[in-house]
Amino acid sequence: MSQTRTSRENTVVEEGKYWDPHAVEGHLEKGKTWERMQIRDDCGNMFKSKFGDIDFTDRHTEYYRFNGVLQSKRKSEAWEIAKRITKERGIPNYNPDLHLHGVQMGQRMLQTYKITGLEREWAGAEDTPAHPGWVPGTGIYGIEMDDVNYENNMAMQQSRDDISRTAINGMNISHETIERRFGKEVTPETINTYMEMLNHNLGAGALIQEHVTETNPELVKDCYAIMFTGDDDVADAIDPRFITNIDTHFPEYQVPQLKEQLKGKMYQVCRIPTMALRTSDGGLARAWVGQQASLAYVGAYDIPAGDAVTSDFVFTIKHGDVVFSGTALPYRRAQRVNSIGGVPYGYYADICQSSRTPEAVKGLDGGIDPVKVTVEALTPGCVLTDQGWLHNYLAGGSSSWASYVMSVYTDEILEDPSYYGADWGIHHYKCGVGEVPNTLENGMQIAEVVGQHFLASYDLYPAMCEAHFGGSQRFLLQCAAIGAATGCLTGDTDLGQTMWMYNTHIQKEHCMRLGFYGHDMQDQMGCGHNASYRSDQSCPYELRNMNFPDQAMHVGHVGGYIGICGGSAHARGAAYCTNPVIKVAYADHEHIQFDWRYPRREYGRGALHDFMPAGERTVVCPSYAGGITANLPPMYEKKR
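The sequence shown begins at 6 in this note's numbering and counts up by one.
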């Protein structure tokens, strides 16, 4: 699957399709380009909102003067709720007085945070299944750390669910089975009938058999099936309700690349109900679709049902041409395919859809903006691999650990050095993004410039150190900025990752240590291992995942690797990072619950409690007002 750099200078966007060109023009006329000084001003404003009117260069502060947890609205609410629960249940609940044997939390300032970069966005105002339309350019300020705890943020949970519940199947082999095994003709009309039947029975309805139970559609309204293809003639013949149109969902320069890779192929994308994941893991998606799609094929093509027929279709759909979002995990991890722990880094980068947003195409050098793609892909990468996988699943609970990775998507601190490096490289090498020769010498020069800038910022502004609780967190940010700048300037993922590792030695020389335990061991040996493709040392970064030997416990780091994969691909003009099928499968922002074009915005709305998750069971729960029978028809009411 070759990827070539293409020109974006003459890209034309038709009015009324996906993007609003007038909004883009207005944005550029106002001069709101990605200017380093503007971001630095945003950092200064962030410190004022976080710490008040203080001297950011002051190296001294005071403690025990912030009124404990009462300074936090969220913790105050939690304490009151816990008191009520304790009274009702008779067993003690949450009590911040127990934090350190009677020393209450909140002796230091419990900071508030700002979601990075939202004020510089100008697109993506459409309604989505999770929330009504957004006003682009609106900032999200004043959120508390508890608001981005994985358990408290519905958007974070939904982003995990939307990966695990996705099943992608090639339709060509199913159509060949129908034609050769059963002698039936496959036409656009039969495909439309099949897709309608599949959407009927995928979540709620029954097919072929009577006297079988059906599901309340409200419980599974997030469940649907669509398809896509690289052939224009086929796409034009399919009912538009059932197809993701590549022409209208991707920038013009990306469309030919995707169609070339998908030529002669059709794929269906099924999202099984979010609710179903409560009883299983991501491996359920394949089995669920294998059952329901088999019935839909049998019904749509009027094939006599029987054991042999059913087994043919089930084998075809479950095994014949299946694209998993994530691979199965080793036995000790005990999860099947589509687990967030098995998603390759390059697939994470493709799942994130920021590379097709107007902000990523009209950006840094008058063309594309790979830094935007890097930081957006990095955000769900950190949330899912760190909070959702390492802390929630492997370590056994994510209490407090949101603080580790939230620094990558809050307070503008990652953007400043990343754009500083990209801006410096464009002027120093006198070329555009993705065009700097990918030599080790150039990579080291970029890394040293960005690293010195970052370290100087911490030295000049101790408030940044207070905002980031420890050395490993600062290490994560500096490595991510260096990797982002290097990958964006050269378009080389491996070089960007190698410079991440090289920064390990730069920062260790400056600070003497990088964080707790020595978890930086993998990074210190990474420079050498990146040059080796032996299976126990290295392989292309796009194909690694959380179970790769060098990275099995990279706390907080893996999201950075994911961002560098996505940004480097965008810098070299590629429409996708690793797999075009994955890229298009997650492009249906109008249907999927989590809008992968703007992950930071989605997590921010989750922090505001403004994100509606899928899989809620309210429709079959007792009414809070009327008791257990309040929602039942009269025939079922108990006689009193």
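For each residue, glycine too, the CB sits at the ideal point set by N, CA and C.
Using three-state DSSP, classify residue i as helix, strand or coil.
{"i": "E124", "result": "helix"}
{"i": "A230", "result": "strand"}
{"i": "M530", "result": "coil"}
{"i": "E654", "result": "Because the chain is modelled from 6 through 645, residue 654 falls outside the range shown and cannot be assessed."}
{"i": "M110", "result": "coil"}
{"i": "E219", "result": "coil"}
{"i": "R276", "result": "strand"}
{"i": "H614", "result": "coil"}
{"i": "T38", "result": "Note that T38 scores a pLDDT of 38, beneath 50, so its modelled location is shaky and nothing firm can be said."}
{"i": "Y302", "result": "helix"}
{"i": "I148", "result": "strand"}
{"i": "H104", "result": "coil"}
{"i": "M200", "result": "helix"}
{"i": "V625", "result": "helix"}
{"i": "Y538", "result": "coil"}
{"i": "M504", "result": "helix"}
{"i": "V327", "result": "strand"}
{"i": "H205", "result": "helix"}
{"i": "Y398", "result": "helix"}
{"i": "M551", "result": "coil"}
{"i": "H136", "result": "strand"}
{"i": "P26", "result": "Note that P26 scores a pLDDT of 32, beneath 50, so its modelled location is shaky; the value from the coordinates is reported in the next line. DSSP places P26 in helix when its eight states are reduced to three."}
{"i": "Y118", "result": "strand"}
Going by the beta-carbon positions, is the gap between residue i and residue j smaller than 8 Å?
{"i": "N174", "j": "G346", "result": "no"}
{"i": "Y581", "j": "L263", "result": "yes"}
{"i": "Y608", "j": "W601", "result": "no"}
{"i": "A687", "j": "L395", "result": "Given a span of 6 to 645 for the chain in the structure shown, any question on residue 687 remains unanswerable."}
{"i": "F247", "j": "I231", "result": "yes"}
{"i": "N443", "j": "D497", "result": "yes"}
{"i": "Q502", "j": "Y566", "result": "yes"}
{"i": "E201", "j": "A209", "result": "no"}
{"i": "G492", "j": "I569", "result": "yes"}
{"i": "A135", "j": "T362", "result": "no"}
{"i": "R291", "j": "V327", "result": "yes"}
{"i": "W505", "j": "G488", "result": "yes"}
{"i": "C228", "j": "I277", "result": "yes"}
{"i": "L481", "j": "H562", "result": "yes"}
{"i": "T192", "j": "A305", "result": "no"}
{"i": "G620", "j": "M159", "result": "no"}
For the alpha helix (DSSP H) holding residue i, just list the boundary residues, first then last.
{"i": "R338", "result": "Per DSSP, R338 belongs to no alpha helix (DSSP H) and is neither H nor E."}
{"i": "T182", "result": "N177 to F187"}
{"i": "T491", "result": "G476 to T495"}
{"i": "R170", "result": "Segment: none, R170 is in no alpha helix (DSSP H) and carries neither H nor E."}
{"i": "T253", "result": "I251 to H254"}
{"i": "A574", "result": "V563 to A576"}
{"i": "T284", "result": "No alpha helix (DSSP H) holds T284; DSSP gives it neither H nor E."}
{"i": "I248", "result": "Element bounds for I248: n/a, residue is neither H nor E."}
{"i": "R64", "result": "Where R64 is concerned, there is no enclosing alpha helix (DSSP H), given that its DSSP letter is neither H nor E."}
{"i": "W84", "result": "K78 to R94"}
{"i": "T192", "result": "Segment: none, T192 is in no alpha helix (DSSP H) and carries neither H nor E."}
{"i": "Q262", "result": "V260 to L267"}
{"i": "A447", "result": "In the sequence under discussion, the amino acid at residue 447 is Asn, which differs from the Ala named in the question. It spans L445 to L465 - the alpha helix (DSSP H) in which N447 sits, taken as one unbroken run."}
My assumption, with CB atoms under 8 Å, is that residue i sits in contact with residue j. Please give the rounded CB distance.
{"i": "N206", "j": "L300", "result": "6 Å"}
{"i": "C387", "j": "G564", "result": "3 Å"}
{"i": "Y350", "j": "R549", "result": "5 Å"}
{"i": "V225", "j": "G287", "result": "Rounded, the Cβ-Cβ distance is 17 Å, inconsistent with contact."}
{"i": "M271", "j": "T234", "result": "5 Å"}
Drop a sphere of 10 angstroms on the beta-carbon of residue i, count the other beta-carbons inside from all chains shown, and report buried for 16 or more, exposed for fewer.
{"i": "R89", "result": "exposed"}
{"i": "V589", "result": "buried"}
{"i": "Q214", "result": "exposed"}
{"i": "K55", "result": "buried"}
{"i": "H180", "result": "buried"}
{"i": "R605", "result": "buried"}
{"i": "G535", "result": "For clarity, residue 535 is Asn in the given sequence; the question names Gly instead. Flag for N535 reads buried."}
{"i": "I86", "result": "exposed"}
{"i": "E131", "result": "exposed"}
{"i": "V438", "result": "buried"}
{"i": "V624", "result": "exposed"}
{"i": "A400", "result": "exposed"}
{"i": "E40", "result": "Any reading at E40 must be qualified, since the residue scores a pLDDT of 42, below 50, and its modelled position is unreliable; the value itself is stated next. When all chains shown are included, E40 counts as exposed."}
{"i": "H27", "result": "Any reading at H27 needs caution, since the residue's pLDDT is 34, under 50, leaving its predicted position unreliable; the model's value is listed next. It counts as exposed."}
{"i": "S316", "result": "exposed"}
{"i": "R125", "result": "buried"}
{"i": "D307", "result": "exposed"}
{"i": "D593", "result": "buried"}
Less than 7 Å separating the Cβ of residue i from some heavy atom of the ligand HEM?
{"i": "E181", "result": "No copy of the ligand HEM occurs in the structure displayed, which carries no ligand at all."}
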